[in-house]
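Participant: Going by my numbering, the first residue of the sequence shown is number 38, and it counts up by one from there. Quick reminder that beta carbons are idealized off the backbone N, C-alpha and C, glycines included. Got a structure for you, questions after.
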Amino acid sequence: MCGITGIIAPKTRDKRQIIEEMTGVLTHRGPDESGYYHADGISLGQRRLSIIDLEGGRQPISNEDAQLQLVCNGEIYNSPDLRKELLAKGHIFKTATDVEVILHLYEELGIECVKRLQGMFAFALWDDHRKRLFLARDHLGQKPIFFYRKDDTFIFASEIKAILASRLVGPELDLDSLWHYVSLRFIPDDCSLFKNIHKLTAASWLCLENGKITVQRYWDISFKDKLKGNEHEIADQLDAILRDTVKSHLLSDVRVGSFLSGGIDSSTVCAIMAGQLKEPVASFSIGVKEQQFNELPYAGLVAKKYALDAHQEVVSADLVNLLPAMVYHMEEPADPFGVGVFLVAQSARGKIKVVLSGDGGDENFAGYDRFLGNSLVDFYGYLPAWLRKNVLRGIIRKIPESFGYKSLEQKLLWLDEMSFFKHGERYAHSMSFLRFSDEAKSGLFTPDARKRVNDVDSARKIIRYFD
């Protein structure tokens with residue numbers, strides 16, 4: 038993880054000091070070193086966590102004639118193939134770092150270069166010849182980048198706190214964003230919790246040239262069925278993709294480990310890593326004292342089977358004392374399991390620089406109970422509404438109450454509640470995007486603040502994708 042910053046402010050004299058203060062705020066993202074670029078009207082900064090080409094990969098990186106300057110947070114997983122292609126075309130590389138391919142690909146394709154990149158990244162490229170600033174964010178938005186624009190001043194950074202550190206913009210709460218966050222547990226669209234500070238959305242680029250900002254999406258997911266073959270053939274294709282993907286993520290000059298929960302997703306990643314690395318995979322797992330929620334035994338089984346260098350820790354989260362640090366670093370917490378990730382990351386800190394995880398597996402392969410539950414809701418919903426509401430609901434509520442994890446009573450109550458929603462609205466509720474009703478949210482806002490909320494339809498932020 039690295040941190041990038043930048044400022045274009047022709048009328049501001051102390052840009053060097055500003056960019057250094059902004060970049061210093063991001064030291065936790067890149068503790069190894071810092072780098073800067075200064076030119077007429079623009080300054081760039083970067084905090085680096087060195088992973089590839091530890092000595093030569095310092096940023097900002099320039100192209101052959103220094104007309105292009107790059108600061109990047111992330112990794113380009115297809116950089117070996119791109120490097121070979123660009124070398125064959127006569128490009129000269131100064132470093133062995135993966136992100137340098139962005140510069141030379143830009144020389145070939147301009148802004149379209151981002152379509153050739155495979156990885157997780159947020160970068161800023163300054164084209165001094167065109168006086169163009171080009172920002173881009175990876176396909177799924179794994180790496181963050183925020184920006185602020187007022188008149189001829191433009192500021193960007195990996196985190197909002199770095200933009201605020203410029204002291205050219207003050208923290209002003211965006212009540213619309215807060216309203217949606219209370220329900221959705223994330224900030225939708227290109228907004229943030231601060232007025233006039235925006236995020237570049239996933240799979241998008243931003244170009245600032247001649248005083249004009251252009252933002253464009255360069256990729257979107259396709260739901261067309263591309264699979265061919267029977268179940269076994271498709272499974273073989275998936276296996277090959279998983280192995281190739283993990284292999285590409287192991288491109289590093291430092292040791293790579295993995296988070297391990299004991300679930301299918303992280304266990305699969307660890308198993309593939311164990312087959313591709315010469316040394317035992319360093320795995321990191323946390324557990325809790327409450328046995329019904331403790332997954333350490335499953336992580337232990339995986340560690341034993343694949344001879345992992347396992348690091349396990351039983352934690353007792355002191356949320357009151359933990360929250361300030363979490364909010365400071367996450368800024369806009371969007372993961373209900375963020376506490377667990379934060380704690381396991383703390384456990385790994387000091388032992389390893391880079392870890393893989395199984396995040397996203399359950400979502401992509403419908404691994405959570407609620408995904409299966411949604412299909413059951415369809416069948417339950419065929420029953421007449423009067424029967425579900427006046428008869429079956431009463432029977433369900435007579436089941437003895439249980440506070441156990443995923444109890445029968447909880448599942449049936451959820452099934453009954455979801456059956457009264459349709460399509461996108463059901464998805465929004467079943468995926469826990471709408472934790473608070475508008476009425477409940479209104480009670481959290483003062484009357485004056487509630488009046489200043491303009492966009493009140495949080496459900497619409499999810500339902501629109503089903504239109």
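Relative to the C-alpha of residue 85, which residue among 402, 416 and 71 is closest?
Facilitator: Against the sequence shown, residue 85 aligns to sequence position 48. The option with the nearest alpha carbon to residue 85 is 71.
Participant: How about the stretch 184-195 and the stretch 41-48: do they share at least three Cβ pairs that are nearer than 8 Å?
Facilitator: A contact exists between the stretch 184-195 and the stretch 41-48.
Participant: Hey, could you find the ends of the alpha helix (DSSP H) residue 201 is sitting in?
Facilitator: Sequence index remark: in the sequence shown, residue 201 carries index 164 (1-based). Element bounds for residue 201: 197-201.
Participant: Do residue 81 and residue 74 have their C-beta atoms within less than 8 Å of each other?
Facilitator: Position 44 of the sequence shown, counted from the first residue, corresponds to residue 81. Position 37 of the sequence shown, counted from the first residue, corresponds to residue 74. A contact, by the Cβ cut-off of 8 Å.
Participant: Contact check, residue 146 vs residue 153 under 8 Å by CB: the rounded distance?
Facilitator: In the sequence shown, residue 146 corresponds to position 109, counting from 1. In the sequence shown, residue 153 corresponds to position 116, counting from 1. Sure, about 7 Å apart at Cβ, within 8 Å.
Participant: In terms of DSSP beta bridges, what is residue 370 paired with?
Facilitator: By 1-based counting over the sequence shown, the position of residue 370 is 333. In DSSP, residue 370 forms no bridge with anything.
Participant: Once the 5 residues before and after residue 296 are set aside, which same chain residues still bring their CB inside 7 Å of it?
Facilitator: Your numbering for residue 296 matches position 259 in the sequence shown. Excluding sequence neighbours, residue 296 sits near 303, 321, 381, 392 and 394.
Participant: Which residues share a DSSP beta bridge with residue 344?
Facilitator: As a working mapping, residue 344 is identified with position 307 in the sequence shown. Per DSSP, none; premise fails for residue 344.
Participant: What is the rounded straight-line gap between the Cα of residue 128 and the Cα of residue 148?
Facilitator: Residue mapping note: residue 128 aligns to position 91 of the sequence shown, counting from 1. Residue mapping note: residue 148 aligns to position 111 of the sequence shown, counting from 1. Approximately 18 Å between the Cα atoms of the pair.
Participant: How is the alpha helix (DSSP H) around residue 411 delimited, first residue to last?
Facilitator: In the sequence shown, the residue the question calls residue 411 occupies position 374. Residues 406-417.
Participant: Determine, using beta carbons only, whether residue 159 and residue 207 come nearer to each other than 8 Å.
Facilitator: Position 122 of the sequence shown, counting from 1, holds the residue named residue 159. Position 170 of the sequence shown, counting from 1, holds the residue named residue 207. No, they are not a contact pair.
Participant: If you pair each beta-carbon of the stretch 171-184 with each one of the stretch 280-290, do three or more pairs fall below 8 Å?
Facilitator: The answer is no - the stretch 280-290 does not touch the stretch 171-184, with fewer than three Cβ pairs under 8 Å.
Participant: Can you tell which of 299, 431, 342 and 144 has its C-alpha closest to the C-alpha of residue 101?
Facilitator: Within the sequence shown, residue 101 is the residue found at index 64, counting from 1. Minimum Cα distance to residue 101 is reached at 144.
Participant: Can you tell which of 504, 502, 485 and 470 has its C-alpha closest to the C-alpha of residue 218?
Facilitator: As a first step, residue 218 is located in the sequence shown; it is residue number 181 there, counting from the start. Ranking the options by Cα distance to residue 218, first place goes to 470.
Participant: According to DSSP, which residues form a beta bridge with residue 157?
Facilitator: Translated into the one-based positions of the sequence shown, residue 157 becomes position 120. According to DSSP, which records beta bridges pairwise, residue 157 is partnered with 112.
Participant: Could you tell me the distance, in whole angstroms, from the CA atom of residue 389 to the CA atom of residue 314?
Facilitator: Mapped onto the sequence shown, residue 389 falls at position 352. Mapped onto the sequence shown, residue 314 falls at position 277. Near 15 Å, if we compare the C-alpha coordinates of residue 314 and residue 389.
Participant: Should residue 335 and residue 299 be called a contact, given that it needs their Cβ atoms to be closer than 8 Å?
Facilitator: Within the sequence shown, numbered from 1, the residue matching residue 335 stands at position 298. Within the sequence shown, numbered from 1, the residue matching residue 299 stands at position 262. Contact flag set, yes.
Participant: At which residues does the beta strand (DSSP E) containing residue 242 begin and terminate?
Facilitator: Numbered from its first residue, the sequence shown carries residue 242 at position 205. Counting along the chain, the beta strand (DSSP E) containing residue 242 begins and ends at 241-246.
Participant: Based on Cα-Cα distance, which residue from 352, 46, 306 and 342 lies nearest to residue 330?
Facilitator: As a working note, residue 330 is residue 293 in the sequence shown. Nearest option by C-alpha distance: 352.
Participant: So what does residue 236 bridge to, in DSSP terms?
Facilitator: As a position in the sequence shown, residue 236 is number 199, starting the count at 1. DSSP output for residue 236 lists 183 as bridge partner(s).
Participant: Look up residue 106 in the DSSP assignment and say whether it is helix, strand or coil.
Facilitator: Within the sequence shown, numbered from 1, the residue matching residue 106 stands at position 69. DSSP places residue 106 in strand when its eight states are reduced to three.
Participant: As a quick exercise: from 124, 113, 132 and 462, pick the residue whose alpha carbon is nearest that of residue 155.
Facilitator: Here residue 155 is taken as the residue at index 118 of the sequence shown, counted from 1. The candidate whose alpha carbon is nearest that of residue 155 is 113.
Participant: If you follow the alpha helix (DSSP H) that residue 60 is in, where does it begin and where does it stop?
Facilitator: Within the sequence shown, numbered from 1, the residue matching residue 60 stands at position 23. Here the alpha helix (DSSP H) through residue 60 covers 52-61.
Participant: Count the other CB atoms within 10 Å of the CB of residue 423; is the residue buried (16 or more) or exposed (fewer)?
Facilitator: In the sequence shown, the residue the question calls residue 423 occupies position 386. Under this definition residue 423 is an exposed residue.
Participant: Alpha carbon to alpha carbon, how far is residue 134 from residue 404?
Facilitator: Your numbering for residue 134 matches position 97 in the sequence shown. Your numbering for residue 404 matches position 367 in the sequence shown. So the alpha carbons of these two residues sit roughly 36 Å apart.
Participant: Report the option in 118, 94, 119 and 117 whose CA atom is closest to the CA atom of residue 107.
Facilitator: For the purposes of this step, residue 107 is taken as the residue at position 70 of the sequence shown. Per the Cα distances, 94.
Participant: Candidates 275, 318 and 273: which alpha carbon is nearest residue 292's?
Facilitator: To locate residue 292, count along the sequence shown from 1; it is residue 255. Ranking 275, 318 and 273 by Cα distance to residue 292 puts 318 first.
Participant: Restricting to Cα atoms, I'd like to know which of 490, 408 and 215 is closest to residue 451.
Facilitator: As a working mapping, residue 451 is identified with position 414 in the sequence shown. Of 490, 408 and 215, the residue nearest in Cα terms is 408.
Participant: When the Cα atoms are used, what is the spatial distance from residue 467 to residue 276?
Facilitator: Numbered from its first residue, the sequence shown carries residue 467 at position 430. Numbered from its first residue, the sequence shown carries residue 276 at position 239. So the alpha carbons of these two residues sit roughly 30 Å apart.
Participant: What first and last residue would you give for the beta strand (DSSP E) that runs through residue 508?
Facilitator: The shown model of the chain, from 38 to 504, leaves out residue 508, and the question about it has no answer.
Participant: With C-beta atoms as the reference, is residue 500 less than 8 Å away from residue 477?
Facilitator: Counted from its first residue, the sequence shown places residue 500 at position 463. Counted from its first residue, the sequence shown places residue 477 at position 440. Taking 8 Å as the Cβ cut-off, residue 500 and residue 477 do not qualify as a contacting pair.
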